[in-house]
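Below is one structure, written out as structure tokens; comments come after it.
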Amino acid sequence: MNKIKAGFFMEQREINKMHLVRLGVVLNNLAILGFAYMLLNALMPIFSFLYFVAVGIVLILAIFPWIFSGFQLDLGKIAEWFKPEFTTQVLQYLYTGLPYVFGVSAVCAVASAVIMLLDKSQRHTGRIVIAALTVVIGIVALIMKAAGVTT
Amino acid sequence: MNVLNIAMRPHYMIKNPSLFIDGERVYTKKSKNGEYTCRFETEKDSVELSVYKFLEINGKFWFLYSILFFFISLLGIFDAHYDNKCYCLKYKTVLTLNEETNVKLVFNQFKESGAAINCTADCPAEETENEYYTDKKAKKRLKIMRIVKLLCWLAAIAIAVVVILYKVIGF
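Line order of the protein sequences matches chains A and B.
Numbering-wise (our numbering), the first sequence opens with residue 1 and increments by one.
Numbering-wise (our numbering), the second sequence opens with residue 1001 and increments by one.
Structure below.
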């Protein structure tokens, strides 16, 4: 009887540890979501740059055939196709949520890293690295916002 | 002082088995050749070595925990998968130790009621349990959870449709 009881408690203790690791994995996955969001924020200047490069390429591709075909060029019309308001609005929408997303995902990342470090049965190096990266990228994005780079 | 060196090579279907020596949980470290090794020191002349595979769904309050994680992980999107196969094992052996004993535990391919572990030790070993089995109780519980999760998803979709209709059409 004692043996069965000891076995049950042993199993339950192991299962409780598994629950804890599951919580860590879920929090880490949520932190990864925040990581992707904050990476988008941090890369916003590059996206803006790429947007203008894309516009430039399209303009060049549009201008040359028009010049060679002898038609009168209406640059205003072409520029109308690439209204920056839409992009700015989307980026602005992304930008305003940054402090909240950073707060939530940083808490998730730190909590998951602590849980993963406590788990002795498995190594979770990848997840711990991602948790650390989430916090770092979040801080970088916040600094960029404070410095006005991403406005 | 007797030293017990254990090298374990688990099967890929049996993830994270638990190793116990005299009822005490022992943690292994993965070595470069893919084996999980540990070193155990004891004053005893014989120890009971046991290996088990526990399933999370077999715990107390399994339903509450499953539902809780399902909602925390945003309807299971960010949740880790449960072990659907429900393969378990129980292995117990009594080892009479030398001054330094090396034990190698190689996991066999899963076969219902078949031998789970092939043990090679440089000391006398007396196996008392060695079996693979499918946990039917866990399978049943997983099936119940699958149905509950499906119902939750249907409810969430229905709520989303109603909200969209209310917002867009003013229905």
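C-beta atoms are modelled at their ideal positions from N, C-alpha and C, and glycine is treated no differently.
Measuring only the C-alpha atoms, how far is residue i from residue j?
i                       : j                       : result
residue 1164 of chain B : residue 1024 of chain B : 56 Å
residue 1093 of chain B : residue 106 of chain A  : 46 Å
residue 1017 of chain B : residue 96 of chain A   : 46 Å
residue 1030 of chain B : residue 1045 of chain B : 27 Å
residue 100 of chain A  : residue 142 of chain A  : 11 Å
residue 34 of chain A   : residue 102 of chain A  : 7 Å
residue 1043 of chain B : residue 1101 of chain B : 13 Å
residue 1055 of chain B : residue 58 of chain A   : 58 Å
residue 118 of chain A  : residue 16 of chain A   : 13 Å
residue 10 of chain A   : residue 1088 of chain B : 15 Å
residue 1178 of chain B : residue 1085 of chain B : Chain B is shown only over 1001 to 1171; residue 1178 of chain B falls outside these bounds and no answer can be derived.
residue 28 of chain A   : residue 110 of chain A  : 9 Å
Mind checking residue i: buried by the 16 CB within 10 Å criterion, or exposed?
i                       : result
residue 1159 of chain B : exposed
residue 1053 of chain B : buried
residue 1066 of chain B : buried
residue 2 of chain A    : Unreliable positioning characterises residue 2 of chain A in this predicted model, as indicated by a pLDDT of 36, which lies under 50. A coordinate reading is not provided.
residue 1091 of chain B : buried
residue 25 of chain A   : buried
residue 14 of chain A   : buried
residue 1010 of chain B : buried
residue 37 of chain A   : buried
residue 1135 of chain B : buried
residue 1173 of chain B : This structure leaves residue 1173 of chain B out entirely; chain B is present only between 1001 and 1171.
residue 1028 of chain B : buried
residue 1059 of chain B : buried
residue 134 of chain A  : buried
residue 1155 of chain B : exposed
residue 1113 of chain B : exposed
Residue i bridges to which residues according to DSSP?
i                       : result
residue 1020 of chain B : B:1025 and B:1050
residue 1131 of chain B : B:1090
residue 1008 of chain B : B:1036 and B:1105
residue 1119 of chain B : B:1105
residue 11 of chain A   : Its beta-bridge partners do not exist; DSSP assigns none.
residue 16 of chain A   : Its beta-bridge partners do not exist; DSSP assigns none.
Pop quiz: residue i and residue j are said to be a contact at Cβ under 8 Å. What is the actual Cβ separation, rounded to whole angstroms?
i                       : j                       : result
residue 1001 of chain B : residue 1041 of chain B : 6 Å
residue 1148 of chain B : residue 1105 of chain B : The pair is not a contact, with the Cβ atoms about 37 Å apart (cut-off 8 Å).
residue 1069 of chain B : residue 22 of chain A   : 6 Å
By the criterion of Cβ-Cβ separation under 8 Å, what are the contact partners of residue i in chain D?
i                      : result
residue 107 of chain A : Here the protein chains are A and B, and chain D is not one of them.
(request) Using a Cβ-Cβ cut-off of less than 7 Å, list which residues of the stretch 1124-1153 of chain B approach chain A; keep chain order. (result) none
(request) Return the residues of the stretch 1105-1123 of chain B that lie within a Cβ-Cβ distance of less than 9 Å from chain A, sorted by chain order. (result) The residues in question: there are none.
(message) Counting only Cβ-Cβ distances shorter than 8 Å, please list the residues of the stretch 1013-1039 of chain B near chain A, keeping chain order.
(response) So the close ones are 1016, 1018, 1020, 1023, 1025, 1027 and 1030.
(request) Using a Cβ-Cβ cut-off of less than 7 Å, give me the residues of the stretch 1045-1073 of chain B that come near chain A, in sequence order. (result) 1054, 1056, 1058, 1059, 1060, 1065, 1069, 1072 and 1073
(request) Check distances from the C-beta atoms of the stretch 1079-1090 of chain B to those of chain A and list, in chain order, the residues that come in under 7 Å. (result) 1079 and 1080
(request) Could you list the residues in the stretch 115-146 of chain A with a C-beta less than 8 Å from some C-beta on chain B, going in chain order? (result) Taking 8 Å as the Cβ-Cβ cut-off against chain B, the residues of the stretch 115-146 of chain A that qualify are 120, 121, 122 and 123.
(request) Using a Cβ-Cβ cut-off of less than 7 Å, give me the residues of the stretch 20-40 of chain A that come near chain B, in sequence order. (result) 22, 25, 26, 29 and 30
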